[in-house]
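Inspection log for the structure reproduced underneath, given as structure tokens.
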Amino acid sequence: MTFIFISLGLWYGLFNSPPDYQQGETVRIMYVHVPAAWMAMMVYLSMTIMSIFALVWRHPLADILSKCSAPIGASFTLIALVTGSIWGKPTWGTWWVWDARLTSVFILFLIYMGHITLVRSFEDEYKGARAGAILTLIGAFNLPIIKFSVDWWNTLHQPASVIKLDGPAIHIDMMIPLILMALGFLFFYFSFLLINVQTELNNRKLKKLFIQSFSKKN
Amino acid sequence: MKKFYRLILRDIHLVIKGSSDAGAALLFYLLAIIMFPLSSGTESTLLISIAGGAIWVAALFSSLLSLDRLFRSDFEDGSLEQLVLSGISLETIVISKCFAHWLTNGLPIVILSPILALIIGLDFSYWWILCLTLLLGTPSLTLIGATPAALSCAIGKGGVLTALIILPLMLPVLILGSGAITAEISGLGGFGHIYALAAILPLSLLAVPFLASKALRLGWE
Chain C
621 MTFIFISLGL WYGLFNSPPD YQQGETVRIM YVHVPAAWMA MMVYLSMTIM
671 SIFALVWRHP LADILSKCSA PIGASFTLIA LVTGSIWGKP TWGTWWVWDA
721 RLTSVFILFL IYMGHITLVR SFEDEYKGAR AGAILTLIGA FNLPIIKFSV
771 DWWNTLHQPA SVIKLDGPAI HIDMMIPLIL MALGFLFFYF SFLLINVQTE
821 LNNRKLKKLF IQSFSKKN
Chain L
601 MKKFYRLILR DIHLVIKGSS DAGAALLFYL LAIIMFPLSS GTESTLLISI
651 AGGAIWVAAL FSSLLSLDRL FRSDFEDGSL EQLVLSGISL ETIVISKCFA
701 HWLTNGLPIV ILSPILALII GLDFSYWWIL CLTLLLGTPS LTLIGATPAA
751 LSCAIGKGGV LTALIILPLM LPVLILGSGA ITAEISGLGG FGHIYALAAI
801 LPLSLLAVPF LASKALRLGW E
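As given, the protein sequences belong to chains C and L, one line each in that order.
The first sequence begins at 621 in my numbering and counts up by one.
The second sequence begins at 601 in my numbering and counts up by one.
Shown next as structure tokens:
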């Protein structure tokens with residue numbers, strides 16, 4: 621699914637959509653940049669929801685899901701930052717500005733990295749996952765700041781043009797590849813999340829088996 | 601309520617007796633501010649433009665340093681456990697600890713800052729906005745740092761890792777605080793930033809006691 625959507629989206633985005641009348645061909649960076657940025661926030665949102673599940677109802681899988689989402693979310697954030705920087709050079713004339721949206725996404729990246737380090741620093745992975753869930757909830761205040769930063773502070777980054785109350789302000793020919801890429805990234809997240817969770821569970825099982833075999837010997 | 605006062609008094613006593621690093625953190629605040637004129641030259645025009653930011657950075661690092669041991673010493677010698685066993689809820693303990701930390705770290709910073717602002721060349725007419733931002737910002741710094749500090753008890757080691765986790769969370773406070781001063785100096789009016797800064801305080805006050813006590817309980821599991 622991931623493969624189908626991303627390849628379809630790339631084909632549409634690169635060959636079958638019109639260049640922008642102001643930006644020319646560089647607009648095609650959008651088809652990677654925008655879905656990656658959406659996913660960066662989506663992953664954090666899902667991590668927040670999972671963390672609430674983990675802390676309130678102590679669902680055993682929720683904190684594993686939250687823990688395994690963090691590296692994927694961090695990669696999406698990094699992709700969004702890097703592609704945004706590459707896109708910014710020809711259109712804004714600069715690689716980086718300390719604009720509200722850029723800064724808040726950068727903070728999101730730092731929070732992801734802090735989360736990963738914190739979870740890894742526990743010897744007991746059950747505790748590590750719970751600690752990560754607690755940290756996720758404190759970092760969640762950053763999400764609304766990112767979403768509305770372009771509306772609250774009037775700086776270089778353009779305001780939202782797709783997810784708006786009065787419908788998207790973007791032409792349908794650009795909308796199709798954008799949606800395809802977004803779906804592709806979404807399925808990418810799901811598939812990698814499943815792989816990560818599977819690995820995590822297998823690791824835990826292996827540890828148990830190891831301890832069992834050890835105690836049988838003695 | 602009586603217990604709450606007792607807890608705060610106990611923590612302040614500990615600070616006065618010198619068994620916590622609050623005094624050292626305050627001294628660090630002074631030193632960090634002096635760094636700025638020494639490292640970036642004594643030209644007054646440059647200093648004026650960075651003065652607000654310099655004071656905010658120093659305040660942030662000072663609270664970061666002292667936060668590392670906010671719960672740890674009590675956690676390690678078992679007195680935190682005794683406090684919980686005595687029937688006080690852990691949330692109350694967290695709030696009182698944060699309040700005591702602010703009284704011994706944040707409040708002195710707020711009081712000292714107008715004098716220090718003079719030293720590094722901030723115009724004296726802006727002292728009120730500096731004090732206002734610090735007054736609103738330092739409690740938020742304490743509260744935001746409390747949960748990672750509690751998590752560091754659960755890990756059993758602190759230091760760089762705690763700082764790594766706390767710093768990104770504190771950045772918005774720093775941006776808003778120093779942004780308010782810069783905006784006021786440039787004539788835009790700093791109240792836009794100050795309102796946002798004031799919004800962080802009740803939000804963190806609402807969320808932090810529960811999250812920090814969750815983190816402390818995780819350490820006892």
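Note that beta-carbon positions come from the ideal geometry of N, C-alpha and C, so glycine has one too.
**OP:** Would you please state the rounded distance, in angstroms, between the beta carbons of V652 (chain C) and M801 (chain C)? I believe it to be under 8 Å.
**Re:** 7 Å
**OP:** Taking C-beta pairs closer than 8 Å, name the residues in chain C that E821 (chain L) reaches, listed in chain order.
**Re:** K747
**OP:** Apply the 10 Å Cβ neighbour rule to K814 (chain L) and answer buried if 16 or more other Cβ atoms are within range, or exposed otherwise.
**Re:** buried
Subject >> Against chain C: residues of the segment 720 to 749 of chain L by CB proximity under 9 Å >> reply: I744, T747, P748
Subject >> Contact set between A815 (chain L) and chain C, taken where Cβ atoms lie within less than 8 Å >> reply: A751, I754
Subject >> Residue span of the alpha helix (DSSP H) that contains V676 (chain C), given as start and end >> reply: From DSSP, V676 (chain C) is part of no alpha helix (DSSP H); its letter is neither H nor E.
Original post:
Does any CB atom of chain C fall closer than 9 Å to the CB of P772 (chain L)?
Top reply: yes
Original post:
Taking contact to mean at least 3 C-beta pairs separated by less than 8 Å, is the segment 715 to 726 of chain L in contact with the segment 777 to 786 of chain L?
Top reply: The segment 715 to 726 of chain L vs the segment 777 to 786 of chain L: in contact.
**OP:** Compare the C-alpha of L630 (chain L) against each of L:W656, L:H613, L:C753 and name the closest.
**Re:** L:W656
Original post:
How would you label N823 (chain C), buried or exposed, when you count the other beta carbons within 10 angstroms and need 16 or more for buried?
Top reply: When all chains shown are included, N823 (chain C) counts as exposed.
Subject >> Start-to-end residues for the alpha helix (DSSP H) that takes in A760 (chain C) >> reply: Segment: none, A760 (chain C) is in no alpha helix (DSSP H) and carries neither H nor E.
Original post:
So, is the C-beta of L630 (chain L) closer than 9 Å to a C-beta in chain C?
Top reply: Closer than 9 Å: no.
Subject >> Segment limits, alpha helix (DSSP H) that includes S697 (chain L) >> reply: Going by the sequence as given, residue 697 (chain L) is Lys instead of Ser. 690 to 701 is the extent of the alpha helix (DSSP H) around K697 (chain L).
Subject >> Assumed close pair S804 (chain L), S740 (chain L) - CB separation to whole angstroms, cut-off 8 Å >> reply: 6 Å
Original post:
Would you say I731 (chain C) reaches chain L, if we count a Cβ-Cβ gap shorter than 9 Å as a contact?
Top reply: Output row for I731 (chain C): interface = yes.
**OP:** Figure out for me which residue from L:G789, L:A796, L:W820, L:F604 has the closest Cα to the Cα of I693 (chain L).
**Re:** L:F604
Original post:
In three-state terms, what does DSSP make of T782 (chain L)?
Top reply: helix
Original post:
In whole angstroms, what is the alpha-carbon distance linking L730 (chain L) and I695 (chain L)?
Top reply: 26 Å
Original post:
Should L667 (chain L) and T738 (chain L) be called a contact, given that it needs their Cβ atoms to be closer than 9 Å?
Top reply: no
**OP:** Please say whether G708 (chain C) and W715 (chain C) have beta carbons closer to each other than 9 Å?
**Re:** yes
Original post:
Does the beta-carbon distance from L806 (chain C) to M659 (chain C) come in below 9 Å?
Top reply: Between L806 (chain C) and M659 (chain C), the C-beta spacing is below 9 Å.
**OP:** Go ahead and pull the three-state DSSP assignment for V760 (chain L).
**Re:** In this structure, V760 (chain L) counts as helix in the three-state DSSP scheme.
Original post:
In chain order, what residues of the same chain lie with their CB nearer than 7 Å to the CB of C688 (chain C), ignoring the 5 residues before and after it?
Top reply: L813, N816, V817, E820
Original post:
Any Cβ of chain L within less than 9 Å of the Cβ of I765 (chain C)?
Top reply: yes
**OP:** Count the CB pairs spanning the segment 727 to 746 of chain C and the segment 692 to 705 of chain C that are closer than 8 Å, and state whether there are at least three.
**Re:** As far as the Cβ criterion goes, the segment 727 to 746 of chain C touches the segment 692 to 705 of chain C, which means the pair count is three or higher.
Original post:
Hey, is S741 (chain C)'s beta-carbon within less than 9 Å of any beta-carbon in chain L?
Top reply: yes
Original post:
Can you find a C-beta in chain L that's less than 9 Å from the C-beta of L701 (chain C)?
Top reply: no
Original post:
Can you check whether the CB of L755 (chain C) is closer than 9 Å to the CB of I765 (chain L)?
Top reply: yes
**OP:** Since I believe Y664 (chain C) is in contact with L728 (chain C) (beta carbons under 8 Å), could you give me their beta-carbon distance rounded to a whole number of angstroms?
**Re:** 7 Å
**OP:** Can you grab the Cα-Cα spacing for the pair G752 (chain C) / A717 (chain L), in whole Å?
**Re:** Cα to Cα, the separation comes out at about 39 Å.
Original post:
Along chain C, in chain order, which residues have C-beta atoms closer than 7 Å to that of L764 (chain L)?
Top reply: G734, T737
Subject >> Inter-residue Cα distance where the pair is F673 (chain C) and W727 (chain L) >> reply: 46 Å
Subject >> Candidates L:A746, L:L734, L:V808, L:L743: closest to A654 (chain L) by CA position >> reply: Comparing Cα-Cα distances from A654 (chain L) to each of L:A746, L:L734, L:V808, L:L743, the minimum goes to L:L734.
Subject >> Partner residues on chain C for I755 (chain L), Cβ-Cβ distance less than 7 Å >> reply: S741, F742
Original post:
Under a CB-based cut-off of 9 Å, is S695 (chain C) close to chain L?
Top reply: Chain L contact via Cβ: absent.
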